[in-house]
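Asker: With the numbering used here, letter number 277 in the sequence shown gets 333, and the count goes up by one each step, no holes.
Before I ask anything, let me first share the structure, which is written out below as structure tokens.
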Amino acid sequence: MLRRLLERPCTLALLVGCQFAFVAYFSLGGFRNLTSLFGRAAGPVFDYSRTHDVYANLSRLLPRQPARPDPAQPLPFCPERSPFLVGPLTVSFSRVPTLEQIRAKNPAVQEGGRYQPSTCEPRSRTAVIIPHRNRETHLGHLLYYLHPFLQRQQLQYGIYVVHQAGNSTFNRAKLLNVGVKEALKDEEWDCLFLHDVDLIPENDHNLYTCDPWNPRHVSVAMNKFGYSLPYPQYFGGVSALTPDQYMKINGFPNEYWGWGGEDDDIATRVRLAGMKIARPPISIGHYKMVKHKSDKGNEENPHRFDLLIRTQRMWTQDGMNSLTYTLLAKHLHPLYTNITVDIGTDPRAGRGRRGPVPGHEGQRYRSSTSLFREEMLRKLPRDAAGWGDQGLSLYPRLPMATVQQPLAGNDTQGGAGSPPAPGITQHSPEAARDGNAHLESSAGAAAAQEGTLPTRGDNQSLPQGTR
Numbered sequence: 057m058l059r060r061l062l063e064r065p066c067t068l069a070l071l072v073g074c075q076f077a078f079v080a081y082f083s084l085g086g087f088r089n090l091t092s093l094f095g096r097a098a099g100p101v102f103d104y105s106r107t108h109d110v111y112a113n114l115s116r117l118l119p120r121q122p123a124r125p126d127p128a129q130p131l132p133f134c135p136e137r138s139p140f141l142v143g144p145l146t147v148s149f150s151r152v153p154t155l156e157q158i159r160a161k162n163p164a165v166q167e168g169g170r171y172q173p174s175t176c177e178p179r180s181r182t183a184v185i186i187p188h189r190n191r192e193t194h195l196g197h198l199l200y201y202l203h204p205f206l207q208r209q210q211l212q213y214g215i216y217v218v219h220q221a222g223n224s225t226f227n228r229a230k231l232l233n234v235g236v237k238e239a240l241k242d243e244e245w246d247c248l249f250l251h252d253v254d255l256i257p258e259n260d261h262n263l264y265t266c267d268p269w270n271p272r273h274v275s276v277a278m279n280k281f282g283y284s285l286p287y288p289q290y291f292g293g294v295s296a297l298t299p300d301q302y303m304k305i306n307g308f309p310n311e312y313w314g315w316g317g318e319d320d321d322i323a324t325r326v327r328l329a330g331m332k333i334a335r336p337p338i339s340i341g342h343y344k345m346v347k348h349k350s351d352k353g354n355e356e357n358p359h360r361f362d363l364l365i366r367t368q369r370m371w372t373q374d375g376m377n378s379l380t381y382t383l384l385a386k387h388l389h390p391l392y393t394n395i396t397v398d399i400g401t402d403p404r405a406g407r408g409r410r411g412p413v414p415g416h417e418g419q420r421y422r423s424s425t426s427l428f429r430e431e432m433l434r435k436l437p438r439d440a441a442g443w444g445d446q447g448l449s450l451y452p453r454l455p456m457a458t459v460q461q462p463l464a465g466n467d468t469q470g471g472a473g474s475p476p477a478p479g480i481t482q483h484s485p486e487a488a489r490d491g492n493a494h495l496e497s498s499a500g501a502a503a504a505q506e507g508t509l510p511t512r513g514d515n516q517s518l519p520q521g522t523r
């Protein structure tokens, strides 16, 4: 009778389904990740042919009466999902808004790009950290869309623009480490959003909050990739981590000078630290990229694959616990906090960026992620964790090094005479008061190096921002 039962098609289909569920359960690491996968695949449905103005409902957030009639009574918590969200947004780059125009449209934003709801207690405090150099047009677009986007989500937030001074090779990952360190000096942020300056969110249901268990990759559907995820381990564009998660992975690596590689390094670090990548549904994580030409000083890093190979060996040594930089200035602009830093130079710059990575005799790989992945899986399967089909659980986990958060003391790399960014000069205090200076006077920059930075309590005029 048992044989007859097993020969039935419905019984065979049931057994195959159970086997699939069993394999998926252990491959994805448990029931919560399994359900999140199917939830993400389905996701809510949005009609992106019908979009809304990014400033819709913003006037409803301005209090029409005292927010707290009785100061002794605490405000109620904001709802978990704001009632002011509108869904898909109209994003256009035909006109470049000025900082004065953006400021006029966001009257509730305070100095330093800070905002806090006036009628309820926010459930999340989010710091948005933007690495930047010579992208003033992109920064204007991002600030124009990001401020109303975040206000409608009823978050307490602050926007930090981390500017790399000088004309040495750009280092996005190291600037993000600097931004995290400086932001955490200001406030105990719940969530750190690491945000490329040329990516604009297209749906305000994409909440700028963190997952309490796993780092989030938020920009899962960019227009340059046809609104799809280019490969499973992709972690580029916009990501979100709690401060604890950021320290657990030891932050971003500091050795990626030029374009490429640092995001894939982070994807591997996440798994080495025993976590997984969380993502919003594809239908929500839409981003539009501001078109631009390749940046001078941010050329493709020919050694990024050599660095990726050694991630498993070096991730506990290269990151927040090895970060060094010189703080040149920290200004509270009306729409953001500007942090100008000297992060040093690429150690290969003197050799024309040729030769092996210092301390690693590696080989060059062609600029193809698929070829690189195949090569890593063939030669170094243990170092290829996160790049191939094998899960990290197949390999023994490395002991986690103690990561100390360097929030105090003076960092010293580079010199006090490090040059400002190209096209930016240091002006007199009179010019700064007129709003035409990106940096304060040289005396103010020197004071910033000594740790005496301007704050809201200082009676100093602040520059109006990057023009």
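Glycine included, C-beta positions come from ideal geometry on N, C-alpha and C.
#1: From which residue to which residue does the alpha helix (DSSP H) around Lys386 run?
#2: Could you name the residues that DSSP lists as bridge partners for Asp398?
#3: Using the rule of at least 16 other Cβ atoms within 10 Å of the residue's Cβ for burial, across every protein chain shown, is Phe249 buried or exposed?
#4: Any idea which residues DSSP pairs Ser148 with across the strands?
#5: May I ask which residues mark the beginning and end of the alpha helix (DSSP H) holding Tyr201?
#6: Could you check which residue in Gly168, Pro286, Val276 and Asp246 has the C-alpha nearest to that of Asp267?
#7: Below 8 Å on the Cβ atoms is my contact criterion, and I expect Val397 with Gln157 to pass it. Report the Cβ-Cβ distance as a whole number of Å.
#8: Output needed for Leu611: all residues of its chain with C-beta closer than 7 Å, excluding positions within five of it in sequence on either side, in chain order.
#9: Count the other CB atoms, across all protein chains shown, that sit within 10 Å of the CB of Tyr216; report buried if there are 16 or more and exposed otherwise.
#10: Alpha carbon to alpha carbon, how far is Leu206 from Phe133?
#11: Helix, strand or coil for Phe281? Go by DSSP, reduced to three states.
#12: DSSP three-state label for Ala164, please.
#13: From what residue to what residue does the beta strand (DSSP E) around Pro187 run?
#14: Starting from Cys526, follow its DSSP beta bridges and name the residues at the other end.
#15: Assuming Asp254 contacts His194 under a Cβ cut-off of 8 Å, what Cβ separation, rounded to an integer in Å, is found between them?
#16: What is the DSSP secondary structure of Tyr264, counted as helix, strand or coil?
#17: One question on the structure: do Gly143 and His261 come within less than 9 Å of each other, judged by their Cβ atoms?
#18: Taking the alpha-carbon of Val276 as reference, which of Arg151, Ser150, Ile322 and Ile340 has the nearest alpha-carbon?
#19: Who are the Cβ neighbours of Tyr213 in its own chain at under 6 Å, not counting the five residues just before and after it?
#20: As a quick exercise: from Arg191, Leu211, Ala128 and Ser174, pick the residue whose alpha carbon is nearest that of Glu136.
#21: Select from Glu243, Ala385 and Arg189 the residue whose C-alpha is nearest the C-alpha of Asn223.
#22: With the cut-off set at 9 Å, would you say Glu244 and Lys386 are in Cβ contact?
#23: Just tell me which of Ala329, Pro130 and Val147 has its CA closest to the CA of Leu111.
#24: Let me make sure I understand the geometry here. Which of Asp402, Ile256, Met331 and Gly330 has the alpha-carbon closest to that of Phe149?
#25: Would you mind working out which of Asn259, Leu391, Gln129 and His342 sits nearest Glu177, comparing C-alpha positions?
#26: Please report the Cβ distance between Val218 and Ile333, rounded to the nearest whole angstrom; I am assuming they are in contact, meaning their Cβ atoms lie under 8 Å.
#27: Determine whether the beta carbon atoms of Pro286 and Leu231 lie at a separation below 9 Å.
#28: Do Ala229 and Thr265 count as a contact pair if the criterion is CB distance below 9 Å?
#29: Just the Cα atoms here: how many angstroms apart are Ser138 and Val236?
#30: DSSP three-state label for Leu255, please.
#31: Since Met376 is in the alpha helix (DSSP H), which residue starts that stretch and which ends it?
#32: Tell me the rounded alpha-carbon separation between Ile399 and Thr382.
#33: Going by the CB atoms, is the gap between Phe140 and Asn113 shorter than 9 Å?
#34: Under the DSSP definition of a beta bridge, which residues are partnered with Ile215?
#35: How would you write the range of the alpha helix (DSSP H) that Leu297 sits in, first residue to last?
#36: If you draw a straight line from the C-alpha of Leu70 to the C-alpha of Arg116, how long is it?
Answerer: By the coordinates alone:
#1: Note, Lys386: premise wrong, no alpha helix (DSSP H); beta strand (DSSP E) at Thr382 to Leu388.
#2: Thr382
#3: buried
#4: Beta-bridge pairing links Ser148 to no other residue.
#5: Glu192 to Arg208
#6: Asp246
#7: Actually they are not in contact, since the Cβ atoms of Val397 and Gln157 sit about 28 Å apart, beyond 8 Å.
#8: Nothing can be reported for residue 611: it is not among the residues displayed for the chain, which extend from 57 to 523.
#9: buried
#10: 17 Å
#11: helix
#12: coil
#13: Arg181 to His188
#14: The chain is shown only over 57 to 523; residue 526 falls outside these bounds and no answer can be derived.
#15: 5 Å
#16: coil
#17: yes
#18: Ile340
#19: Tyr171, Thr182 and Leu206
#20: Leu211
#21: Arg189
#22: no
#23: Note on residue identity: the sequence assigns Tyr, not Leu, to residue 111. The option with the nearest alpha carbon to Tyr111 is Val147.
#24: Ile256
#25: Gln129
#26: Not quite, the Cβ-Cβ distance comes to about 24 Å (not below 8 Å), so this is no contact.
#27: no
#28: no
#29: 27 Å
#30: strand
#31: It is not in any alpha helix (DSSP H) - Met376 carries neither H nor E in the DSSP assignment.
#32: 6 Å
#33: yes
#34: Val184
#35: Unbroken run through Leu297 is the beta strand (DSSP E), Val294 to Leu297; no alpha helix (DSSP H).
#36: 53 Å
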